[in-house]
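Read through the structure below, which is laid out as structure tokens, and then see the notes.
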Amino acid sequence: MVPQKLKNIPAVGYIRVSTEEQANSGLSLSQQKSRIVAYAKATGLHLLEVIEDTGKSAKNLNRPGIQKALEMLRKKQAQALVVLSLDRLTRSVKDLGFLVEFFEKSQAALVAVQDSINTLNAAGRLVLNVLGSIAQWEREAIAERTAAALAVKTQRHEKTGGTVPFGFNVTPTGKLVTNESEQDALKIILRLHKRGTALRKIGEELTRQGYSPKKGGKWHPQVIKQIISGAKKRIR
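Take 54 as the starting number for the sequence shown in my numbering and just add one per residue.
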């Protein structure tokens, strides 16, 4: 049965191929295009053009073809994007989440022929929303795993990346050990900050007592601010 809502809707097709292997496995550009054109004829879609990305992977959306297609949707030059399957768009969970949000905000339709997805109907929107929820879950799960890994490193007094925090040195094995002189300076910084002392005044007091920043030089307010912020994060 022809999806009535697709009739006469201006649409842009998108095709992509990344490797010779894909070209020999039923996913060549010409095969993708013929499937999309046939679908448009069968449903009555007004196919404006079919845009292609050749030799491009789906690891991100930094592809001239897909960017052109999305821009047509943003400018309302087209109201639907037609692909053979969702993996022609992206294999990135992050980008999938972006695309779900994009189609919702732009009120454009997404049609994936092989996946039987058409967001002009309730079933298609449901599938896309489920995929978006999975993408969101994966992002949050990655964030939680990263936070847990950093917490373990912190408990073990291991360096968690970036610069070595003020008050510590790092051993060749990546473990943090206290720097007694910097720890003394850190106590002064936190004590004065708690009293409401201005950052510039804290720097002047540190200089007066003979303490220097980790990289030497003068005590700039921004450096002191970063030290305070880092110390608060470690205390949490």
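Think of the CB as a built atom: it goes at the ideal place given N, C-alpha and C, for glycine as much as any other residue.
| With DSSP run on the structure shown, which of helix, strand or coil describes F219? | Locating residue 219 in the sequence shown gives position 166, counting from the first residue. F219 falls in the coil class under three-state DSSP.
| query | When we look at the beta-carbon of G270 and count the other beta-carbons within 10 Å, is it buried (16 or more) or exposed? | reply | Taking the sequence shown and counting its residues from 1, the one referred to as residue 270 is at position 217. Classification of G270: exposed, given that the 10 Å Cβ count is below 16.
| said: Tell me which residues share the same chain as Q167 and place their Cβ nearer than 6 Å to its Cβ, disregarding the 5 neighbours each side in the sequence. | reply: Here residue 167 is taken as the residue at index 114 of the sequence shown, counted from 1. Result list for Q167: L137 and S138, in chain order.
| said: Taking the beta strand (DSSP E) that H99 belongs to, which residues open and close that run? | reply: Locating residue 99 in the sequence shown gives position 46, counting from the first residue. Looking at the DSSP string, the run of the beta strand (DSSP E) that includes H99 is H99 to T107.
| query | So, are the CB atoms of V65 and A131 less than 7 Å apart? | reply | As a working note, residue 65 is residue 12 in the sequence shown. As a working note, residue 131 is residue 78 in the sequence shown. Yes, these two residues count as a Cβ contact at 7 Å.
| At what residues does the beta strand (DSSP E) containing I255 begin and finish? | Along the sequence shown, one-based indexing puts residue 255 at 202. Taken as a continuous stretch (DSSP letters only), I255 belongs to no beta strand (DSSP E), being part of the alpha helix (DSSP H) at L252 to R261.
| Residues that DSSP places opposite A122 in a beta bridge | Residue 122 sits at position 69 when you count from the first residue of the sequence shown. According to DSSP, A122 bridges with nothing at all.
| Reduced DSSP secondary structure (H/G/I, E/B, other) of A131 | Working through the sequence shown from its first residue, we reach residue 131 at position 78. DSSP places A131 in coil when its eight states are reduced to three.
| For the putative contact between N232 and G220, defined by C-beta atoms under 8 Å, what is the C-beta separation to the nearest angstrom? | For the purposes of this step, residue 232 is taken as residue 179 along the sequence shown, with counting starting at 1. For the purposes of this step, residue 220 is taken as residue 167 along the sequence shown, with counting starting at 1. Rounded to whole angstroms, the Cβ separation of N232 and G220 is 6 Å, and the two are in contact under 8 Å.
| message | Under 8 Å: do the stretch 143-161 and the stretch 178-185 share three or more Cβ pairs, one atom per stretch? | response | yes
| message | For the ligand FMN, I want to know if G256 counts as a neighbour, meaning its beta carbon is within less than 6 Å of at least one of the ligand's heavy atoms. | response | Of ligands this structure carries none, so the ligand FMN is not represented either.
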